[in-house]
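Just so you know, the sequences run in chain order Z and Y. Yeah, the first sequence ends on 93 if you go by this note's numbering, and it's all consecutive. Yeah, the second sequence ends on 93 if you go by this note's numbering, and it's all consecutive. All residues carry an ideal CB built from backbone N, CA and C; glycine is no exception. Values in this document were obtained by computation on a predicted structure and should not be read as measured data. Worksheet: one structure, shown below.
2 protein chains.
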Amino acid sequence: MPNLNAAFSALSDPTRRAILARLATGEATVLELAAPFAITQPAISRHLKVLEGAGLIVRRIDGTRRPCRLAKGGIEAIYQWLATLRDALSRNYDRLDEVLAAMNREKERNGHE
Amino acid sequence: MPNLNAAFSALSDPTRRAILARLATGEATVLELAAPFAITQPAISRHLKVLEGAGLIVRRIDGTRRPCRLAKGGIEAIYQWLATLRDALSRNYDRLDEVLAAMNREKERNGHE
DNA sequence: TCACTATATAACTAATATATTATATAAGTT
DNA sequence: AACTTATATAATATATTAGTTATATAGTGA
Chain Z
-19 MPNLNAAFSA
-9 LSDPTRRAIL
1 ARLATGEATV
11 LELAAPFAIT
21 QPAISRHLKV
31 LEGAGLIVRR
41 IDGTRRPCRL
51 AKGGIEAIYQ
61 WLATLRDALS
71 RNYDRLDEVL
81 AAMNREKERN
91 GHE
Chain Y
-19 MPNLNAAFSA
-9 LSDPTRRAIL
1 ARLATGEATV
11 LELAAPFAIT
21 QPAISRHLKV
31 LEGAGLIVRR
41 IDGTRRPCRL
51 AKGGIEAIYQ
61 WLATLRDALS
71 RNYDRLDEVL
81 AAMNREKERN
91 GHE
């Protein structure tokens, strides 16, 4: 059971989503990740800490560098949660629409606006 | 372009995720959605407002009731964002692992710890 | 050793979010 | 009309978050 709270919360920030998108193309160091943004390095370090805490990235040590990459497990976990919701929705959607349509038809018959 | 910030932020709250899971089984009113939780009705109303603002649910009017259901489009949008990230990750994952393994082998050869 | 580079942490500020209670609104019932 | 039910809104307290600047830590290389 991964931490969905932390993971979705981490994803709610556009800077962090951009960092993840960048990491989808491969490993990168903190400064490399910081480069495209107009915010300071400490701010990026904090974003990375959030992403790591949420299980969305992992880091390794290479001298003074801390290269980051995506954590497959964490991303898969939230993907699965959403997939489950989406599937349940799809399963019920047509039926639900039918029910609602029927209710509307009934209202019409009863002379409601 | 849906509002990913709002959508992921909405999903970061466990009460709201539980509400969505409940709605995956079909429409429900505010009080029905509030029933399982130990928080007040106004708090639930706010959660629903957040979910609606994020495009994850829609509401209709039925007398004094405001039945809610999942908004297929919003859920599909974030699902797709995650699917894209996941796919990019999968595409790079094996190759990346190979690169990292190669780097480690090289380090070993160079006598690093 | 000294200076430089890469990153992290601390202290602080400003903005945002969640919950509560109290109250308003509007529809349904008698 | 009066009472009840379903929901929303306002006011408020508290907690969390994201950013800043300043500083610390730890490798790297001359």
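The three-state reading of DSSP puts Ile37 (chain Y) in strand, counting E and B together. Around the CB of Ile37 (chain Y), 16 or more other CB atoms lie within 10 Å, so the residue is classed as buried.
Listed in chain order, the positions of the segment -11 to 9 of chain Y with a beta carbon within less than 9 angstroms of a beta carbon of chain Z are Ser(-11), Ala(-10), Leu(-9), Ser(-8), Asp(-7), Pro(-6), Arg(-3), Leu0, Ala1, Leu3, Ala4, Thr5, Gly6, Glu7.
Taking the CA atoms as reference points, Leu65 (chain Z) sits about 26 angstroms from Thr(-5) (chain Z). Taking C-alpha positions only, Leu11 (chain Y) is separated from Leu28 (chain Z) by approximately 40 angstroms. A direct Cα-Cα distance of roughly 13 angstroms separates Ala63 (chain Z) from Gly54 (chain Y). For Arg49 (chain Y), the enclosing beta strand (DSSP E) has its first and last residue at 48 to 50. In the DSSP secondary-structure assignment, Ala8 (chain Z) is bridged to Z:Cys48. One Cα belongs to Gly43 (chain Z), the other to Ala(-2) (chain Z), and the distance between them is close to 26 angstroms.
Residue state for Asp42 (chain Y) is assigned as strand, using DSSP reduced to three classes.
Using a CB distance cut-off of 8 angstroms, Leu13 (chain Z) does not count as an interface residue toward chain Y.
Listed along chain Z is no residue with a C-beta nearer than 7 angstroms to that of Ile37 (chain Y); the closest approach is about 11 angstroms. With 16 or more other Cβ atoms inside 10 Å of its own Cβ, Ala51 (chain Z) counts as buried. Phe17 (chain Y) and Tyr59 (chain Y) have their alpha carbons spaced roughly 27 angstroms apart.
Taking Ser25 (chain Z) as the centre and dropping the five residues before and after it, the same chain places the C-beta of Val10 closer than 7 angstroms to its C-beta, in chain order.
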